[in-house]
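Single-structure report; data block below.
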């Protein structure tokens with residue numbers, strides 16, 4: 001008897017602007033998202049769920065969330081939203097009232113079971129700050145959730161990576177006090193992955209006894225920031241690392257694996273010229 005796999009798709013850092021506006025005045029993130037949606041809709045096997053790990057829009061404005069909602073109506077798959085440092089929790093809730101897991105409260109934590117896999121989302125966003133943080137109450141919530149299903153494979157998701165990537169300005173914006181999160185995850189071997197966004201680069205590293213993965217931010221472009229080309233222009237795996245690699249602190253080892261590419265725009269989007 002064949003076993004049906006559980007497929008979870010992650011996208012991140014959409015940075016949607018109000019319709020017709022370009023992110024960083026040169027990147028059409030709306031058009032790029034539509035191409036990503038077309039790619040997701042065509043995937044075989046079909047994903048059971050799509051998780052979007054923060055920075056859904058650029059400035060947290062209601063009109064940006066409206067543009068995002070209209071675009072996501074084309075997605076033919078269930079999707080779940082998380083907040084990043086560019087998001088506004090109240091504006092996000094107002095734009096997606098049917099997403100009842102985004103319950104009222106200071107943070108947007110949620111949990112979901114898909115097939116045999118459990119998803120635990122931690123809201124690491126801090127209003128008006130680029131860096132991330134999870135407080136003691138959130139850590140207790142995570143620990144309790146992991147205790148409740150010790151035998152179920154689990155993905156822990158948050159926007160800000162809890163590790164240094166070696167890029168100095170991004171390391172200043174990572175998750176603060178990651179050792180508290182690490183101390184919890186390392187006690188729960190059912191955590192198969194820690195999924196993050198924020199860096200706009202595809203990175204994989206060891207963290208808390210498991211594998212941490214960062215989703216890339218990818219934009220297909222035919223010039224002047226406009227998206228063009230087919231879905232084949234969109235593929236995961238792109239990163240820029242400075243050479244030599246800048247360690248976050250002296251003597252710190254880097255265990256990052258990444259594909260290398262060059263970023264030419266201020267927003268650290270990968271531009272694929274058509």
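Residue numbers (the UniProt record's numbering): 1 to 274. Beta carbons are placed, not taken as given, at the ideal position from N, Cα and C, and that holds for glycine.
Identify, in the order they occur along the chain, each residue of the same chain with its Cβ nearer than 8 Å to the Cβ of residue i, setting aside the five sequence neighbours on each side.
i: residue 131; result: 85, 160, 172, 173, 174, 175, 176
i: residue 104; result: 93
i: residue 95; result: 62, 65, 66, 68, 69
Measuring alpha carbon to alpha carbon, tell me which residue in the options is nearest residue i.
i: residue 151; options: 54, 97, 26, 189; result: 189
i: residue 109; options: 168, 21, 145; result: 145
i: residue 187; options: 149, 201, 168; result: 149
i: residue 136; options: 208, 168, 180, 117; result: 180
i: residue 16; options: 155, 185, 7, 33; result: 33
Assuming residue i and residue j form a contact by the criterion Cβ under 8 Å, report the distance between their Cβ atoms to the nearest whole angstrom.
i: residue 199; j: residue 170; result: 6 Å
i: residue 14; j: residue 52; result: 7 Å
i: residue 88; j: residue 54; result: Rounded, the Cβ-Cβ distance is 12 Å, inconsistent with contact.
i: residue 120; j: residue 102; result: Not really, about 15 Å apart at Cβ, beyond 8 Å.
i: residue 49; j: residue 126; result: Their Cβ separation, rounded to whole angstroms, is 27 Å, which puts residue 49 and residue 126 out of contact at 8 Å.
Can you name, in chain order, every residue of its own chain whose Cβ lies under 6 Å from the Cβ of residue i, other than the five neighbours on each side?
i: residue 215; result: 10, 12, 197
i: residue 112; result: 119
i: residue 41; result: 76
i: residue 7; result: 45, 47, 48
Which of the three DSSP states is assigned to residue i in this structure?
i: residue 40; result: helix
i: residue 210; result: strand
i: residue 174; result: coil
i: residue 141; result: helix
i: residue 193; result: strand
i: residue 167; result: coil
i: residue 118; result: strand
i: residue 80; result: strand
i: residue 154; result: strand
i: residue 282; result: Absent from the structure is residue 282, since the part of the chain shown begins at 1 and ends at 274.
i: residue 66; result: helix
Quick check on residue i: buried or exposed, where buried means 16 or more other Cβ atoms within 10 Å of its Cβ?
i: residue 43; result: exposed
i: residue 166; result: buried
i: residue 57; result: buried
i: residue 67; result: buried
i: residue 35; result: buried
i: residue 183; result: exposed
Please go through the same chain and pick out, in chain order, the residues whose beta-carbon is closer than 7 Å to the beta-carbon of residue i, but skip the five residues on each side of it.
i: residue 63; result: 18
i: residue 5; result: 45
i: residue 129; result: 85
May I ask whether a heavy atom of the ligand SAH can be found less than 7 Å away from the beta carbon of residue i?
i: residue 44; result: With respect to the ligand SAH, the structure offers nothing, as it holds no ligand at all.
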